[in-house]
Amino acid sequence: MKYVLLYILSFSSLLGSAQQTTEEEESLSIIYEAMTRGSSFHCAVTKGRISVKSSGKTITMETRAIAKKDWQEVEQQLKTVLLEHIGNLEAPSAESQTDRARIATLKVKRGDKIFESAPFDEGNPPKELKPLIDKILALAETVE
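Residues -18 to -1, 1 to 126, numbered by mature numbering (1 follows the signal peptide of the UniProt record, and there is no 0), are exactly what the sequence shown covers, in order.
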C-alpha cells in the first residue's frame, strides 16, 4: 500500500511539473520593436502566430498563423540566449543616437517574467541575439 501511494504521489508530481512547462511554453512571446521619429516597426511572435505592425506614412497591421516548424526554430534560437543577461548585452554600434538607424529592442515574455534587451541599432543587434532576430524578421517578411 505504501508503494502504491508513493507511486501515485510521484506520478502526480511529475505531471504537475510537465503541466507547468507546457503552460510556460504556451505563454511564451517574443517581441521585436524598432522605432525612430516618424516610423516604427513592431513584431510579436507567439506559438502558432505572428503579428506585424508598422507605421510611417501609413499604418499597417497584419497577423497570420505560422507553421509548427517555424515556431520550433524560433524556440531553438531562443534556447541559445541567456535571457537573464540580455539587458546587459552591448550594442555593437550607436547609429540610432544620431538618427542614422532606428533604435531596436527585443523582449521575451515567459510566464510572468519579462526579459528586455538593451537598445541597439536596427540591423545590427548584439551577436548573441542576431540569429533569433534574423529568424523573427524572416517570418515577419512573410506577413507583409
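Beta carbons are placed, not taken as given, at the ideal position from N, Cα and C, and that holds for glycine.
Measuring straight from C-alpha to C-alpha, what distance separates A73 and T87? Position 91 of the sequence shown, counted from the first residue, corresponds to residue 73. Position 105 of the sequence shown, counted from the first residue, corresponds to residue 87. C-alpha separation (whole angstroms): 10 Å.
What three-state label does DSSP hand I41 in the structure shown? Stepping through the sequence shown from its first residue, residue 41 is reached at position 59. Here I41 sits in strand by DSSP.
Below 8 Å on the Cβ atoms is my guess for E66 versus V125; work out the distance and round it to an integer in Å. For the purposes of this step, residue 66 is taken as the residue at position 84 of the sequence shown. For the purposes of this step, residue 125 is taken as the residue at position 143 of the sequence shown. Wrong, their Cβ atoms sit about 30 Å apart, outside the cutoff.
Let's see if you can read the secondary structure: which residues bound the alpha helix (DSSP H) around K112? By 1-based counting over the sequence shown, the position of residue 112 is 130. Here the alpha helix (DSSP H) through K112 covers 112 to 123.
Is the distance from the Cβ of I68 to the Cβ of F97 below 7 Å? For the purposes of this step, residue 68 is identified with residue 86 of the sequence shown, where counting begins at 1. For the purposes of this step, residue 97 is identified with residue 115 of the sequence shown, where counting begins at 1. In contact: I68 and F97 (Cβ atoms closer than 7 Å).
Is D94 helix, strand or coil by DSSP? One-based indexing of the sequence shown puts residue 94 at position 112. Reduced to three states, the DSSP call for D94 is coil.
Taking the alpha-carbon of R92 as reference, which of T28, D116, I48 has the nearest alpha-carbon? Here the question's residue 92 lines up with position 110 in the sequence shown. Measuring from the Cα of R92, the nearest candidate turns out to be T28.
If we count the other Cβ atoms within 10 Å of its Cβ and call it buried at 16 or more, is S21 buried or exposed? Against the sequence shown, residue 21 aligns to sequence position 39. Answer is exposed; the Cβ neighbour count stays below 16.
Inter-residue Cα distance where the pair is D52 and A26: Residue numbering aside, residue 52 sits at position 70 when the sequence shown is read from its first letter. Residue numbering aside, residue 26 sits at position 44 when the sequence shown is read from its first letter. If you take the alpha carbons of D52 and A26, they lie about 14 Å apart.
State the beta-bridge partners of H24 as determined by DSSP. Residue numbering aside, residue 24 sits at position 42 when the sequence shown is read from its first letter. E15, K35, per the DSSP bridge assignment.
Three-state secondary structure (DSSP) at L71? The sequence position of residue 71 within the sequence shown is 89, counting from 1. Reduced to three states, the DSSP call for L71 is coil.
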